[in-house]
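In terms of our numbering, the sequence shown opens at residue 1038 and continues consecutively. No residue lacks a Cβ here, since even glycine has one placed at the ideal position from N, Cα and C. Since the model is a prediction, treat every value here as computed from it, not as a measurement.
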Amino acid sequence: MLKLKNPETTFFLLLMSTTLLLRVPQLGYSHFYGDETKTLYLDKTVPATKFFLDQRKGPLQFFVAWGVEKVSGSYDEQWIRLPFALAGVLSVAIFYILIKKLFNWQTALVSSLLLSFNGLFVAFSRTAQYQSFLILFGFAGLYLYILAVEKNRRSFSVLSSVCMALAFYFHYDAVFFLVPLLYLFWVYRKENITRIKEFLIFFGIPLAVSLALFYGPYVIYGYFQSNTVGYIAKRLSGKEYLVNNSLYTLFVYNPSFLYFIPLVMPILVFFKQMNYRREMLILWFLVPFIAFQFIILNPGTHIQNYLLPLFIMTGALVYEIFTGIKYFWLRYIYLALIALFFTLTFTISANVYLPVLNNGYPWKNSVIKKDY
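Here it is as structure tokens:
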């Protein structure tokens, strides 16, 4: 029987190849649309400092787009979108590394494939918006904190805080990456592996200082009040934003029932014996789920925040089921079904998001005016 000499490396390369294929080709598929147009620094009569401050969210997505514009000398859609696509690819890689650290490479592979092939995250990577960078730095911050504790390296803790700050500089949704990090700190503190003082000095204070450099002036000069407070209030109340159905949002980006199967599986986690990793994932899921399903009436694509822990829970369950199968022939059938599932979801996402396969990519009957 054929056996791979190094299955982990082989499957990781396959993961990254398919991730790249879904995200990078034909990024000039359309003119800028929707919130992408707000990312561009078009009116040069406005000072750059004011442009970065006078926004609803952190400055870095605008800075990335401006940097590409300066280097390329144009507002070319393909070049402006490229760094966001590459961040999407790297976010899958760091996600894999993080889950491997917490579980094993098999769980990491399944979880990462779920993230990679999900249409919502493919779409994020193919637009000039904050999500891919937010996820990249959020995962990096969490991974570095785990390394800091394991290796007793304070420098890693500082680097973790910097990554978390960078995530906040892309969007406030970075707060949800603090949920698993703070839970892990609580676990480590309870086991006397780390101390509150050490956490504050090498993570808390660097994070606070990093955030204050931008968000201090942002609040002091009234930009938070004028841009963000009203926006959040409208999201909470549904005013000027239609009440949003999250299942419909998911189906728009993932037009097949197949994508919903792994999102239902984690229900089984609640019936299993708890350990700190399961508790962390459940908490990581529940906080954004409650926020975006019961408090905020128009969550939109921010549901991404509770999909991430769901992918991990599903990956862990898939591997746990595999190890519980006693008969080898049943294991092969199980693996074949998993391979079929990912083949189908990859094919569907490719047909939806790659212009070479879908000329209506993916917003059909839409007219986008190019006014810059």
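Beta-carbon to beta-carbon, Val1216 and Trp1321 are separated by about 5 Å, close enough to satisfy the 8 Å threshold. Of all C-beta pairs linking the segment 1156-1168 to the segment 1059-1071, three or more are shorter than 8 Å, placing the two stretches in contact. Runs of alpha helix (DSSP H) with 4 or more residues, each lying fully within the segment 1103-1149, are found at 1114-1139, listed in chain order.
DSSP places Met1053 inside the alpha helix (DSSP H), whose first and last residues are 1044-1060. Rounded to whole angstroms, the Cβ separation of Ile1333 and Arg1272 is 5 Å, and the two are in contact under 8 Å. In the DSSP annotation of this structure, the continuous segment of the alpha helix (DSSP H) that includes Thr1286 starts and ends at 1283-1290.
Our two residues, Gly1175 and Leu1300, have alpha carbons roughly 21 Å apart in a direct line. Inter-segment contact for the segment 1183-1196 and the segment 1079-1088 is absent: fewer than three beta-carbon pairs are separated by less than 8 Å. Ser1293 carries a coil assignment under DSSP once its states are collapsed to helix, strand and coil. Fully enclosed alpha helix (DSSP H) runs of no fewer than 4 residues occupy 1313-1327 of the segment 1302-1359, in order along the chain. In the structure shown, the three-state DSSP call for Ser1067 is coil. Distance from the CA of Gly1104 to the CA of Tyr1206, rounded to the nearest whole angstrom, comes to 16 Å. Per DSSP, reduced to three states, the secondary structure at Gln1168 is helical. From the listed residues Lys1094, Lys1087, Phe1089, Val1083, the smallest Cα separation to Thr1265 is found for Lys1094.
Counting along the chain, no alpha helix (DSSP H) covers Ser1263, and no H or E run does either. Distance from the Cα of Leu1372 is smallest, within the candidate group Leu1347, Leu1323, Tyr1209, Leu1146, for Leu1146.
The C-beta separation of Leu1090 from Tyr1260 comes to about 5 Å, placing the pair in contact by the 8 Å criterion. If you check the CB distance, Gly1065 and Ser1386 do not come in under 8 Å.
In this structure, DSSP gives Asp1080 a state outside helix and strand, which the three-state scheme calls coil. Beyond the five residues adjoining it in sequence on each side, Thr1338 comes within less than 7 Å, by CB distance, of Leu1157, Thr1286 in the same chain, given in chain order.
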